[in-house]
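Notes follow the structure.
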Amino acid sequence: MGRLEAAQSPPPLICRKARTCRAAQIEYRRPSLKHAVIFAHPRARSFTAAVAEAYAGAVRACGDMVEVRDLYRIGFDPCLRAEEIPGEADPAPAPDVAAERERLKDCGVFALVYPFWLNAPPAMLKGYLDRVFGFGFAFGGEGHSFNPLLGGRKLISFTSSGAPTQWVEQTGALAAEQTLFDRYFAALCGMTTLAHVHFGGVVNGASPSFVKARLGDVERTVIKHFGR
4 MGRLEAAQSP PPLICRKART CRAAQIEYRR PSLKHAVIFA HPRARSFTAA
54 VAEAYAGAVR ACGDMVEVRD LYRIGFDPCL RAEEIPGEAD PAPAPDVAAE
104 RERLKDCGVF ALVYPFWLNA PPAMLKGYLD RVFGFGFAFG GEGHSFNPLL
154 GGRKLISFTS SGAPTQWVEQ TGALAAEQTL FDRYFAALCG MTTLAHVHFG
204 GVVNGASPSF VKARLGDVER TVIKHFGR
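The sequence shown maps to residues 4 to 231 in the numbering used here.
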């Protein structure tokens, strides 16, 4: 439940089912999607980063586009300012928030990738959602009404923990994340949740075979939902 990462750099992802994706296009060509891969971990060579890279690679192999937002590397400021909170007048987004919204406006899928720290997501990710997915982008309305603005979009999540998955499930931590960061967040924005894939037992020094197997799970999840 501390900082969760694999010490060794994971092997590069090769989408073994890419040919299946291309073959499927012969029978049915769905519109190409743009995915926003939003992940948060202070170390660039972390398990979280490897999952994000695996997801992006599998999505590209299926013919879709990807917008990767590595929140620590881009130096995003997660602190919500008072002037950004809706009040008597609609707040104008700060320049950094406006820039992020411009990048995300055409995305049809939002993939959140993050570790559990004290059974919760990193503050960096929570702050990003508070600011970027706030009023005027993810929802709007007047008074006490909230109108979702991201209808038709999809949400998919990949999380990890040092604790075994069984423990995370038994303590209710995973169910809590699925309620707050999946169902509630998606409902507020008007999105549909696709899946929440959790990897337990992610610790320093994890074997290359362990990492490779988990990245294979990421690839299979992408193929399941986005194979063309």
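By construction, the Cβ of each residue, glycine as well, lies at the ideal position given by its N, Cα and C atoms.
Just verifying my parser: in three-state terms, what is the DSSP assignment at residue i?
i: Thr182; result: helix
i: Leu115; result: strand
i: Ala64; result: helix
i: His38; result: strand
i: Phe213; result: helix
i: Phe138; result: strand
i: Arg223; result: helix
i: Gly230; result: coil
i: Ala47; result: coil
i: Leu218; result: helix
i: Ala27; result: Since pLDDT at Ala27 reaches only 47, below the 50 mark, its modelled position is unreliable, and the value read off the structure follows with that caveat. Helix.
With residue i and residue j assumed to form a contact (beta carbons below 8 Å), what rounded beta-carbon distance in angstroms separates them?
i: Phe140; j: Leu152; result: 7 Å
i: Thr224; j: Ala198; result: 6 Å
i: Phe50; j: Ser163; result: 6 Å
i: Pro96; j: Arg84; result: Not a contact, Cβ separation roughly 11 Å.
i: Gly154; j: Gly111; result: About 11 Å; that fails the 8 Å criterion.
i: Ala53; j: Val71; result: Incorrect: roughly 13 Å between the Cβ atoms, too far for contact.
i: Gly219; j: Pro167; result: That pair is no contact at about 19 Å.
i: Val200; j: Phe161; result: 5 Å
i: Phe138; j: Pro94; result: 6 Å
i: Ile226; j: Ala61; result: 7 Å
By DSSP's criteria, residue i is part of a beta bridge. Which residues make up the other side?
i: Glu70; result: Ala39
i: Gly143; result: Asn150
Closer than 7 Å, CB to CB, is residue i near chain D or not?
i: Val225; result: Although the question refers to chain D, the structure presented lacks it and comprises just one protein chain.
Practice prompt. Only counting runs of 3 or more residues, tell me where the beta strand (DSSP E) segments fall wholly within the region 146-208, in order along the chain.
Written response: 157-163, 195-202
Discussion item. Under 8 Å: do the region 128-147 and the region 172-180 share three or more Cβ pairs, one atom per stretch?
Written reply: no
Worksheet item: Are at least three pairs of beta-carbons, each pair with one atom in the region 59-73 and one in the region 33-45, less than 8 Å apart?
Response: yes
Worksheet item: Can you give, in chain order, each stretch of the beta strand (DSSP E) that sits fully within the region 73-127 and has at least 3 residues?
Response: Counting only runs of 3 or more, we get 112-118.
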